[in-house]
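These notes are about the structure you will find just below.
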Amino acid sequence: MKFPKNFKKFLFLPLMALVILIIFLVQDQFNSTSYHLPSIEAPVPSPVYPQPVTQANLKIRKNVVDLTPPEKAAFVNALKTLKNTIPEGSQLSQYDLFVLQHVLTMGFRKKLGATGPAQGNPAHSQPAFLPWHRQYLYEFEQALQKIDPSVTVPYWDWTEPNALKMILQDDFLGPSGQGETVNILEAGSFTGGTVTSGLFADWTLNDKIHFDPITMTSMGTKLIRFIGLPPHDRYFLPKAEVEQLFRYNNYEIFNALIEGAMILNAKNQWEEGWTLHAYAHSVIGGSLVDDIHPSHGQPHQTKILGTMDSIPSSPYDPIFWLNHANVDRLWAQWQDQGHTGETFYPSSGMPWGHNLHDPMWPWDGGLSQPGNYGIDNIVTLLPKPSSALVVTPADVLDFRKLGYTFDTTR
Ligand SMILES: [Cu+2]
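UniProt numbering puts the first residue of the sequence shown at 1, with every later residue one more than the last.
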C-alpha cells in the first residue's frame, strides 16, 4: 500500500490528540463523580437475618417528631458547644473540623494534588457512601455525647408530615432564611436567604469552607436557607417513594438510589435524578434547576442557593445530621430485612476505598491525602488523621456494634 508523502505528518497530530484523550480519560476515571452502577439483574445473595442481640446498652436515635423539649434543648446545646470549642493548636472549632473533613472528601482528584491509594471521592457517588457517612455520623455523635451523654442524633423521616415543621421551629434548628427573592419560571417568586431568627441566627460559618462548588465562590459566614423552593417544595414524601428502596436486594442499587443522584427509569435503566437524600438537601438549601427531564421528570441542579445545598459544606447546616441519620436508619432497616452482613456489600472490583476491606479516608491509617479542594488553602487546616484509626466498610456494617440503634429497629 502506498501512502502519500505527508501521510505520517497528517496522521501524527490526530494520533497524538487520541493518545492525550486516552491518557486523560484513564486518569480521570477515578476522579469522576459517576457511580459504578450494576445492572438491575445483578445476582442476589440469599438473605441473612441479624442474630438476636441484647439491646440493653444501645443508645436510641429517635424520630425528631418524638423529641421532648428537654431533648431538643440538649441536642442544640451540644451542637453549640461543639461549634464553640476550638481544640488546642487548631484554627477551627470541633464542629468546623467535621465540616472540613466532609469538604475534603471532594479533594481526591489527582489534579488537585491528592496522594495515596484512595480512588475518587471516598464518601460519595460510590458504594462507600453509606458506610462512610455511618462512621462520620457515629464520630459526630460521640463528640456530642462527650458534651452530653444523653444526646443522640435524631432522624428526619422524609415521609413524616410534621417532621420538617418540627425541625424548623424557633426553639430547635430555626426557620428558613430571609432577604432574597428568587423568581422561578411558571411558579412565581419565593424568598430565602440568611437565617435571621431562632437559635441558629448567630451560627457563624467559616467563609473559606462555606462555598459554592459550582462557581467556587464563598457563600459567606451566615447560615443560608431557601426552604421549599420549587421544584423541591414537598415538605414530606409519599411513603411509596421511600419504600421502593426495599424492593432491591443489591447493595449497590440500594446505595445509589438512597443517595438520590441517580434513579431507575421505567425501563429499569439508570438516569440522573435528584431524589430522597439529595432531594432532602435541596428542600432545605434550595437549588435552581433546569427544565424537567422529559423521560423521568427529574430536574437537574444548575445553581446552588443555600448552605445545605452546597454538598461539600452542607454539614454546616445542622439539619444535615438529621437527614443523614435517616439515610443510616433506612440502611439499618434494609440490613435487618435480610440484607445483613458482609454478603451484602461489594468485596472487590470497586475503586480503592470502596471495597469491603478497604480503609476509608480519613480513617485509612494516613495512607491517602486529599488535594486542596476549595477556594483557599484549606487542606492544611485539617490535622493529620490519626494513623491508628483504620475503618473499613466491613467495620461498620453492624450498626449495633457501634452502640446505637433506632426507635424503628429495636
Ligand atoms: Cu456527604
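Using N, Cα and C, we set each Cβ at its ideal position, and we do this for glycine too.
Can you find a heavy atom of ligand 2 that lies under 7 Å from the Cβ of residue 123? Inclusion of ligand 2 in the displayed structure is not the case, the ligand content consisting of ligand 1 alone.
Residue range of the beta strand (DSSP E) that includes residue 113: From DSSP, residue 113 is part of no beta strand (DSSP E); its letter is neither H nor E.
C-alpha gap between residue 371 and residue 385, whole angstroms: 14 Å
Taking 8 Å as the threshold (C-beta atoms), are residue 105 and residue 94 in contact? no
Candidates 260, 253 and 157: which alpha carbon is nearest residue 66's? 157
Pick helix, strand or coil for residue 168, following the three-state DSSP scheme. coil
Taking 7 Å as the cut-off, is the C-beta of residue 133 nearer than that to any heavy atom in ligand 1? yes
Residue 347 to residue 126, Cα distance in whole Å? 13 Å
Closest by CA to residue 388, which one among 381, 395 and 363? 363
What's the gap between the Cα of residue 406 and the Cα of residue 63? 8 Å
Return the Cβ separation of residue 61 and residue 154 in integer angstroms, given the expectation that the two are a contact with Cβ distance under 8 Å. 6 Å
Could you tell me whether the region 326 to 344 touches the region 390 to 397, where touching means 3 or more Cβ pairs closer than 8 Å? yes
Can you give me the C-alpha to C-alpha distance between residue 33 and residue 90, rounded to a whole angstrom? Since pLDDT at residue 33 reaches only 47, below the 50 mark, its modelled position is unreliable, and no value is offered.
Enclosing beta strand (DSSP E) for residue 179 [first to last residue]: 178 to 184
Boundaries of the beta strand (DSSP E) in which residue 191 is found, first to last residue: 188 to 194
Measuring CA to CA, which of 269, 178, 322 and 196 is closest to residue 137? 322
Burial state of residue 358, where buried means 16 or more other Cβ atoms lie within 10 Å: buried
For ligand 1, I want to know if residue 357 counts as a neighbour, meaning its beta carbon is within less than 7 Å of at least one of the ligand's heavy atoms. no
Run the CB neighbour count on residue 42, radius 10 Å, all protein chains shown included, and call it buried at 16 or more, exposed below. exposed
Specify the secondary structure class of residue 363 as computed by DSSP and reduced to three states. strand
In angstroms with no decimal places, state the Cα-to-Cα distance between residue 159 and residue 231. 17 Å
Bridge partners of residue 369, per DSSP? 115
State yes or no: is the C-beta of residue 199 within less than 8 Å of the C-beta of residue 76? yes
When the distance is taken between beta carbons, is residue 226 closer than 8 Å to residue 305? yes
Under 8 Å, do residue 257 and residue 245 count as touching if we go by C-beta distance? yes
Can you name the start and end residues of the beta strand (DSSP E) that residue 288 belongs to? 287 to 289
Closer than 7 Å to a non-hydrogen atom of ligand 1 - does that hold for the CB of residue 102? yes
Quick one: Cα of residue 353 to Cα of residue 360, how far? 5 Å
Starting from the C-beta of residue 132, find all residues in its chain whose C-beta is less than 7 Å away, skip the five residues before and the five after it, and write them out in chain order. 122, 123 and 360
Give the single residue among 380, 307 and 181 whose Cα lies nearest to the Cα of residue 207. 307
Does the region 186 to 200 come within contact of the region 209 to 224, defined as at least 3 CB pairs closer than 8 Å? yes
If you draw a straight line from the C-alpha of residue 92 to the C-alpha of residue 381, how long is it? 7 Å
At the level of alpha carbons, what is the spacing between residue 40 and residue 269? 8 Å
Environment of residue 109 [buried if 16+ CB atoms lie within 10 Å]: buried
Would you mind working out which of 284, 331 and 289 sits nearest residue 317, comparing C-alpha positions? 284
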